[in-house]
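These notes are about the structure you will find just below.
Number of protein chains: 2
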Amino acid sequence: MSGQGEDKVTSWFAQQSRAREERFPIGIGDDMAQVNMGGGSVLVTTDMLLDGVHFDLASAGAEQVGYKAMAASLSDCAAMATRPVCAVVAVALPTGFGEDKLKELHAGIVRAGDMFDCTLIGGDITAWRDNAGRFVINVTMLSECVDCVEPVKRSGAKVGDAVCVTGELGGSIAGKHLTFVPRVEEAIEIARAADVHAMMDVTDGLVKDLSRICAASGVGAIIEAERVPMTHAAKEGNDPLEAALYDGEDFELLFTVSAEDYETLAGEQSIKAGITRVGLITDSGRIELQRGRDREVLDVKGYDHL
Amino acid sequence: MSGQGEDKVTSWFAQQSRAREERFPIGIGDDMAQVNMGGGSVLVTTDMLLDGVHFDLASAGAEQVGYKAMAASLSDCAAMATRPVCAVVAVALPTGFGEDKLKELHAGIVRAGDMFDCTLIGGDITAWRDNAGRFVINVTMLSECVDCVEPVKRSGAKVGDAVCVTGELGGSIAGKHLTFVPRVEEAIEIARAADVHAMMDVTDGLVKDLSRICAASGVGAIIEAERVPMTHAAKEGNDPLEAALYDGEDFELLFTVSAEDYETLAGEQSIKAGITRVGLITDSGRIELQRGRDREVLDVKGYDHL
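These protein sequence lines map, in sequence, to chains Y and B. Per the UniProt record's numbering, the first sequence runs over residues 1 to 306. Per the UniProt record's numbering, the second sequence runs over residues 1 to 306.
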């Protein structure tokens with residue numbers, strides 16, 4: 001693999017893949033993979049979260065950590081406009097973790113799953129053998145298509161599409177990253193009401209994740225600075241726009257639809273999180289920021305896990 | 001939860017479960033869970049393996065670690081007599097892990113998967129932020145039923161059944177735990193040729209795993225010491241029988257069938273790994289060892305992950 005970072009690694013893995021399309025319609029590089037098996041079709045996502053990287057177990061508490069781990073996977077199900085069904089959860093426990101904390105963790109997992117009728121059906125519990133080993137949690141979640149709506153991939157954005165987000169962006173680290181409600185219901189409503197061309201959840205920052213949709217779709221985009229919705233936490237910081245563009249773990253939906261479909265969606269009062277058009281898909285191949293009359297090409301920075 | 005250890009934790013989790021049987025025919029506590037979803041039926045297993053616990057990355061090398069992680073999950077598919085279809089793999093990388101080792105890991109994952117046409121379809125790569133974080137790999141595998149053979153659970157053992165194993169037991173730590181070939185083909189052949197009442201793979205030692213089948217089925221068992229097949233590695237140790245009864249990670253099949261079906265299976269030359277009857281299911285509720293004319297009740301010890 002050439003170059004740096006997570007996306008290069010992901011594309012190297014995707015290039016190696018020998019998955020046949022009739023068996024695996026969606027493979028490496030989207031929010032979930034799709035598999036035709038067992039007489040039907042299922043989607044699957046797996047996510048590993050580490051103490052000291054994705055959360056601080058000592059300050060967050062085991063219940064919130066269990067909630068966050070499940071919620072992050074539920075957000076992947078939302079990213080494809082699919083309905084979560086069940087999850088298996090594996091954990092590595094530090095020595096002396098104890099029963100009470102394990103029960104708290106379980107309570108958080110179940111609290112998140114119960115919001116969307118997503119059932120814990122199995123798992124694996126293992127333990128480090130010395131004091132140096134740290135807590136790890138891995139959630140794998142299965143989802144299914146809703147009615148006749150196909151899973152929404154990242155690769156369908158078209159020039160002229162409205163770029164939209166749910167909710168508000170930035171400053172998640174102040175607390176939202178532990179307490180967010182995944183946009184499962186919103187995603188299904190949006191996909192029912194409109195022909196969604198591309199969608200994902202915002203986990204590594206708006207600019208970086210939008211660049212992923214653009215790369216998968218072979219397009220570019222303009223973000224309109226004045227339109228980017230910011231959380232209260234982002235507004236309280238030194239540079240609210242910077243926070244809204246680049247902070248990780250918003251867990252909002254980022255999607256593109258035609259201008260007409262955007263008008264339809266804007267009129268849907270039932271979508272609780274609210275939808276904002278933040279920009280436009282272009283043929284530039286770049287991510288640009290429009291601020292008043294100025295337009296600049298943005299660096300595609302943002303959270304990189306590697 | 002009362003008492004100690006992994007099995008107590010697993011049963012506490014199973015008691016908490018609210019999985020409805022029509023949606024989830026097999027839940028927490030078997031080798032895989034079964035889910036009816038997406039218009040079909042799939043089985044799922046997840047396993048987390050830790051550097052310094054399940055392998056030593058420095059001495060085994062990343063390729064063998066990737067192989068072992070996949071092979072352990074393939075063995076779970078075998079344990080239910082199901083056919084593996086695909087896997088998602090998540091890893092936590094220590095700082096400075098590097099591209100070369102990641103490619104070796106990938107090669108080992110693919111080598112194991114290719115044996116049984118099990119495709120890597122996605123994953124998650126994350127990294128520790130400091131030098132103290134250690135390598136973790138989590139494999140989640142999906143499998144499907146073969147022809148009309150239902151997945152074989154642990155709970156169907158009947159008094160009078162022959163207790164059988166494939167291959168040889170003990171001493172896996174000498175090398176087999178990194179190189180074993182999961183008994184996927186054997187499991188399918190056995191389930192086609194006989195009415196298998198209960199099955200699992202031997203991961204925590206014959207006695208402990210047989211006690212799990214007995215607990216799930218509400219029965220007991222006698223192991224006949226003279227009949228237990230031992231690996232060369234076990235025979236080289238101080239106490240070969242002890243190794244064959246209690247060592248972990250044999251990754252052989254342990255199953256029960258009627259006496260008549262055992263005779264049928266014993267005649268099947270095509271089952272490569274070979275099948276040995278090692279004992280008998282009883283109504284005692286205990287695991288006993290018959291050695292010549294002596295019979296003793298065994299301690300259910302063996303590898304405990306907690």
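Using N, Cα and C, we set each Cβ at its ideal position, and we do this for glycine too. Keep in mind the model is a prediction, meaning the values are calculated, not measured.
Could you pull out every residue in the same chain whose Cβ sits closer than 7 Å to the Cβ of Ile-275 (chain B), ignoring the five residues on either side in sequence? Cys-164, Thr-166, Leu-265, Ala-266
Per-residue DSSP class, three states only, for Ala-273 (chain B): Under the three-state reduction of DSSP, Ala-273 (chain B) is assigned to coil, being neither helix nor strand.
N- and C-terminal bounds of the alpha helix (DSSP H) containing Ser-59 (chain B): 57-60
Put Glu-186 (chain B) into one of helix, strand or coil per three-state DSSP. helix
Just grab the DSSP bridge partners of Ala-127 (chain Y) for me. Y:Leu-93
Return the residues of the region 121-150 of chain Y that lie within a Cβ-Cβ distance of less than 8 Å from chain B, sorted by chain order. Listed by position, the residues of the region 121-150 of chain Y near chain B (Cβ gap below 8 Å) are Ile-121, Gly-122, Gly-123, Asp-124, Ile-125, Thr-126, Ala-127, Trp-128, Arg-129, Asp-130, Ala-132, Gly-133, Arg-134, Val-136, Asn-138, Thr-140, Leu-142, Glu-144, Cys-145.
The region 11-37 of chain B: positions lying closer than 9 Å to chain Y by Cβ: Trp-12, Phe-13, Gln-16, Ser-17, Arg-18, Ala-19, Arg-20, Arg-23, Phe-24, Ile-26, Gly-27, Ile-28, Gly-29, Asp-30, Met-32, Ala-33, Gln-34, Val-35, Asn-36, Met-37
As an exercise, report each continuous beta strand (DSSP E) stretch of at least 3 residues that is fully enclosed by the UniProt domain "PurM-like C-terminal" (174-290) of chain Y, in chain order. Within the UniProt domain "PurM-like C-terminal" (174-290) of chain Y, the beta strand (DSSP E) runs of at least 3 residues that lie entirely inside it are, in chain order, 198-201, 220-224, 253-257, 275-282.
Once the 5 residues before and after Asn-138 (chain B) are set aside, which same chain residues still bring their CB inside 6 Å of it? Met-48, Ala-90
What in chain Y is Cβ-close to Cys-118 (chain B), meaning under 8 Å? Correct list: empty, because the minimum Cβ distance to chain Y is about 11 Å.
Consider the Cβ of Thr-264 (chain Y): report whether some Cβ of chain B lies at a distance smaller than 8 Å. no
Secondary structure at Gly-122 (chain B), three-state DSSP: helix, strand or coil? strand
Starting from Arg-20 (chain Y) and walking both ways along the beta strand (DSSP E), at which residues does that stretch end? From DSSP, Arg-20 (chain Y) is part of no beta strand (DSSP E); its letter is neither H nor E.
Which of the three DSSP states is assigned to Met-80 (chain B) in this structure? coil
Nearest-angstrom Cβ-Cβ length linking Val-184 (chain Y) and Ala-69 (chain Y), presumed shorter than 8 Å: 16 Å between Cβ atoms; not a contact.
Just to confirm the assignment, what range does the alpha helix (DSSP H) spanning Val-110 (chain Y) have? Unbroken alpha helix (DSSP H) run through Val-110 (chain Y): 99-115.
Can you check whether the C-beta of Val-9 (chain B) is within less than 8 Å of a C-beta belonging to chain Y? Val-9 (chain B) counts as touching chain Y.
Option in B:Val-53, B:Ala-194, B:His-106 with minimal Cα separation from Arg-134 (chain Y): B:Val-53
Can you tell me whether Ala-132 (chain B) is helix, strand or coil according to DSSP? coil
is_contact[Leu-50 (chain B), chain Y] using C-beta, thresh 8 Å: yes
Can you say whether Asp-299 (chain Y) is buried or exposed, counting buried as having 16 or more other CB atoms within 10 angstroms of its CB? Label assigned to Asp-299 (chain Y): exposed.
Can you grab the Cα-Cα spacing for the pair Asp-195 (chain Y) / Val-152 (chain Y), in whole Å? Straight-line measurement puts the Cα of Val-152 (chain Y) at about 9 Å from the Cα of Asp-195 (chain Y).
What residues from chain B crowd round Gly-40 (chain Y), counting only those whose CB sits closer than 8 Å? Met-37, Gly-38, Gly-39, Gly-40, Ser-41, Val-42
Is it right to say Ala-191 (chain Y) is buried, meaning 16 or more other beta carbons lie within 10 angstroms of its own, or is it exposed? With 16 or more other Cβ atoms within 10 Å, it is buried.
Please name the residues in the UniProt domain "PurM-like C-terminal" (174-290) of chain B whose beta-carbon is closer than 7 Å to at least one beta-carbon of chain Y, in chain order. none
Please report the distance separating the alpha-carbon of Phe-97 (chain Y) from that of Arg-18 (chain Y). Per the coordinates, the alpha-carbon of Phe-97 (chain Y) lies some 41 Å from the alpha-carbon of Arg-18 (chain Y).
Cross-chain neighbours of Leu-102 (chain Y) in chain B, by beta carbon under 8 Å: Val-9
Near Ala-157 (chain B), what residues of its chain come up, given a Cβ to Cβ distance below 6 Å and the 5 sequence neighbours on each side ignored? His-197, Ala-198, Ile-213, Ser-217, Val-219, Thr-256, Ile-281
Cutoff 7 Å; reference Gly-123 (chain B); Cβ partners in own chain excluding five residues on either side: Val-88, Val-89, Ala-90
Could you name the residues of the same chain whose beta carbon sits closer than 6 Å to that of residue 386 (chain B), not counting the 5 residues immediately before and after it, in chain order? This structure gives no information on residue 386 (chain B), because the portion of chain B shown stretches from 1 to 306.
Helix, strand or coil for Ser-2 (chain B) per DSSP? Below a pLDDT of 50, predicted positions are generally treated as unreliable, and Ser-2 (chain B), at 40, falls in that range; no measurement from the model is reported.
Among the residues of its own chain, which have a CB less than 6 Å from the CB of Asn-131 (chain Y), if the five just before and after it don't count? In its chain, beyond the 5 residues on either side, Thr-95 have a beta carbon closer than 6 Å to the beta carbon of Asn-131 (chain Y).
In whole angstroms, give me the CA-to-CA distance for Asp-117 (chain Y) and Arg-111 (chain Y). 10 Å
Val-163 (chain B) lies in the beta strand (DSSP E); which residues open and close that run? 162-166
Please report whether the beta-carbon of residue 385 (chain Y) lies at a distance below 8 Å from any beta-carbon of chain B. Because chain Y spans 1 through 306 in this model, residue 385 (chain Y) falls outside it and cannot be assessed.
So what does DSSP say about Val-152 (chain Y), is it helix, strand or coil? coil
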